[in-house]
Amino acid sequence: MRLAGGGVALIPTAPEQARNRDTHYPYRADSYFQYLTGFTEPEAVLVIVAGKADSEAQSILFCREKNAERETWDGFRHGPEGAREAFGFESANVIGDLDARLAELLPDQPALWFSIGHDAGWDARIAGALNKVRGESRTGKRAPAMIRDVRAELDAMRLVKDATELAIMRRASEISCNAHIRAMRFAAPGRFEYEVEAELLHEFRRHGCEFPAYTPIVAGGANACILHYVGNDQPLLDGDLLLIDAGGELSGYASDITRTFPVSGRFSGPQADIYDLVLDAQAAAIRAVRPGANFADPHDAALKVLAQGMIDMKLLTGSLDAVLESESYKRFYMHRTSHWLGKDVHDAGEYKEGEHWAPLVPGMVLTIEPGCYIRPAEDVREVFWNIGVRIEDDAVVTKEGCEIITVAAPKTIADIEALMRDARGR
Ligand code: GLY
Ligand code: MN
Ligand code: MN
125 MRLAGGGVAL IPTAPEQARN RDTHYPYRAD SYFQYLTGFT EPEAVLVIVA
175 GKADSEAQSI LFCREKNAER ETWDGFRHGP EGAREAFGFE SANVIGDLDA
225 RLAELLPDQP ALWFSIGHDA GWDARIAGAL NKVRGESRTG KRAPAMIRDV
275 RAELDAMRLV KDATELAIMR RASEISCNAH IRAMRFAAPG RFEYEVEAEL
325 LHEFRRHGCE FPAYTPIVAG GANACILHYV GNDQPLLDGD LLLIDAGGEL
375 SGYASDITRT FPVSGRFSGP QADIYDLVLD AQAAAIRAVR PGANFADPHD
425 AALKVLAQGM IDMKLLTGSL DAVLESESYK RFYMHRTSHW LGKDVHDAGE
475 YKEGEHWAPL VPGMVLTIEP GCYIRPAEDV REVFWNIGVR IEDDAVVTKE
525 GCEIITVAAP KTIADIEALM RDARGR
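Numbers in the numbering used here are just positions in the sequence shown, counted from 1, shifted up by 124.
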């Protein structure tokens with residue numbers, strides 16, 4: 125609230141979503157709300173009231189009341205008093221009191237900080253609360269003259285992780301690396317993509333991940349060239365590659381890892397050529413992650429290596445400069461190399477400061493995920509058809525450079541083949 129310059133901030137958590145009749149999608153708290161509170165029950169709102177001094181600022185939680193009957197059916201609720209004690213709010217109220225309390229808290233505040241436009245129901249409720257204050261203007265009450273987006277301040281805070289957040293992200297990565305190792309050991313011709321997915325989910329869950337951080341992509345053969353493939357229902361074929369993009373979410377923090385390996389346990393020559401090109405591009409991108417560099421530097425570094433490799437393998441024609449200038453590489457590499465990672469797999473935080481790419485500073489976490497996806501086409505040598513490779517790791521920017529927190533999942537051809545050989549007992 126000090127950063128915001130005073131006023132009242134209102135941060136609701138996520139609504140529950142019905143799946144059908146009385147069944148709901150698994151509940152996950154809103155990332156901003158969770159970031160500020162650690163409180164994960166639904167039907168909750170955080171209100172922060174700035175004071176004249178920092179010591180006068182107040183955090184007020186609105187949450188569900190204790191209810192013996194509902195708790196018998198649905199499970200434990202903290203209730204306002206329990207939540208206040210356990211989480212350290214200055215005060216707490218039942219959620220049903222929110223509108224009445226807003227009518228007391230809003231008058232004569234310079235600004236209301238709220239993420240307008242994200243939820244129509246909340247927008248209407250906020251308009252109602254402001255109009256209630258405006259309706260009492262003859263008693264001398266003034267409604268806040270400014271409504272500002274609280275997420276802008278929170279995005280900047282979420283972009284740089286503290287030691288506690290990094291410790292959780294390292295553990296989420298460790299679990300997720302083990303899930304990829306499990307998948308490499310398990311995959312074999314004749315197994316189905318969903319069987320491999322089950323191995324991943326099993327490994328996430330048995331180590332305490334609440335969810336997968338996103339729907340796992342388990343893409344055999346040509347499916348690897350579909351960037352967001354989540355069908356995961358096809359058999360794995362001898363001779364194909366398997367691309368797995370999967371990470372667990374632990375205590376509200378995501379891991380995001382991709383590995384690509386041969387179903388048979390042995391890369392073919394053309395598969396190895398494309399794989400090593402992507403691995404070289406990733407190494408170049410990782411070398412570009414350090415304080416003083418900017419968000420686009422790893423992407424540019426990866427692009428140079430990929431584009432040159434595509435020219436050398438006769439996938440593209442022209443000089444390196446011409447290929448980069450015309451963006452003809454986009455036929456085989458159509459996504460960017462990085463995104464912020466944190467509570468959300470594509471995490472909060474701006475990518476630009478004004479006209480310039482955001483500078484990297486210690487504590488930021490970003491993915492490094494170059495790829496190469498070759499669909500069948502007359503002008504492409506058939507040996508490369510349907511090869512789709514992505515290699516994705518998670519990097520923490522450090523004072524000296526970066527720390528890759530996902531190194532435990534093997535990614536050199538030698539290491540992958542050795543692990544798969546070992547798993548097959550030969
Ligand atoms: N798994 C989503 C991504 O890599 O961005
Ligand atoms: Mn990613
Ligand atoms: Mn990914």
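Quick reminder that beta carbons are idealized off the backbone N, C-alpha and C, glycines included.
Check	Outcome
Residue interval of the alpha helix (DSSP H) (run including W237)	From DSSP, W237 is part of no alpha helix (DSSP H) but of the beta strand (DSSP E) over 235-237.
Boundaries of the alpha helix (DSSP H) in which T310 is found, first to last residue	Note that residue 310 is Phe in the sequence shown here, rather than Thr. Residues 287-310.
Residues sharing a beta bridge with S183, DSSP	I172
Closest residue to Q432 among F335, A420, S452, V413 (Cα-Cα distance)	S452
Any non-hydrogen atom of ligand 3 within 8 Å of E77 CB	What is shown of the chain runs 125 to 550, which leaves residue 77 out entirely.
Proximity below 9 Å, CB of E516 to CB of I381	yes
Closest Cα partner of T536 within the set E327, A235, F391, P139	F391
Cβ contact check for the region 236-245 and the region 259-277: 3 or more pairs under 8 Å	yes
Within 9 Å, strictly: CB atoms of E205 and A216	yes
Option in A303, T461, A287, E524 with minimal Cα separation from E327	A303
Spatial distance of T325 from R309 (CA atoms)	Residue identity differs from the one stated: residue 325 is Leu in this sequence, not Thr. Computed Cα separation, rounded: 15 Å.
Residue from R266, S155, V413 with nearest C-alpha to T522	V413
Short Cβ contact (9 Å threshold) for L465 with R455	no
Whole-angstrom distance between L134 and G345, CA atom to CA atom	48 Å
Short Cβ contact (9 Å threshold) for A181 with V173	yes
Run of the alpha helix (DSSP H) containing F328, from where it starts to where it stops	317-330
C-alpha gap between G473 and D362, whole angstroms	42 Å
S215, DSSP secondary structure in three states	strand
Boundaries (first-last residue) of the alpha helix (DSSP H) holding D445	444-450
Alpha carbon of R210 to alpha carbon of A287, nearest angstrom	The residue you asked about is not Arg; residue 210 is Ala in the sequence shown. Going from the Cα of A210 to the Cα of A287 covers about 22 Å.
I410 versus E502, L401, A426, residue with shortest Cα-Cα distance	A426
Exposure label - L127; buried when at least 16 CB within 10 Å	exposed
Outcome for N255 when other beta-carbon atoms lying within 10 angstroms are tallied against a minimum of 16	exposed
Ligand 3 heavy atom lying under 8 Å from the CB of E209	no
Through-space distance from D223 to A519, alpha-carbon basis	43 Å
First through last residue of the beta strand (DSSP E) which encompasses R272	270-272
Residues surrounding ligand 2 [beta-carbon distance to nearest heavy atom under 6 Å]	D380, H463, T491, E493, E516
S179 burial status per 10 Å Cβ neighbour count (16 or more: buried)	exposed
Cβ-heavy atom distance, Y457 to ligand 3, below 8 Å	no
Coarse secondary structure for W197, derived from DSSP in three states	helix
Proximity winner among R499, V513, E527, relative to L430 (alpha-carbon distances)	V513
For T382, the three-state DSSP class (helix, strand or coil)	strand
Nearest neighbour of R143, chosen from Y151, E373, P136 [CA to CA]	Y151
Inter-residue CB distance, L366 and F385 (contact presumed, cutoff 8 Å)	6 Å
V513 CB to nearest heavy atom of ligand 1 below 8 Å	no
Opposing strand residues paired with Y497 [DSSP bridges]	G512
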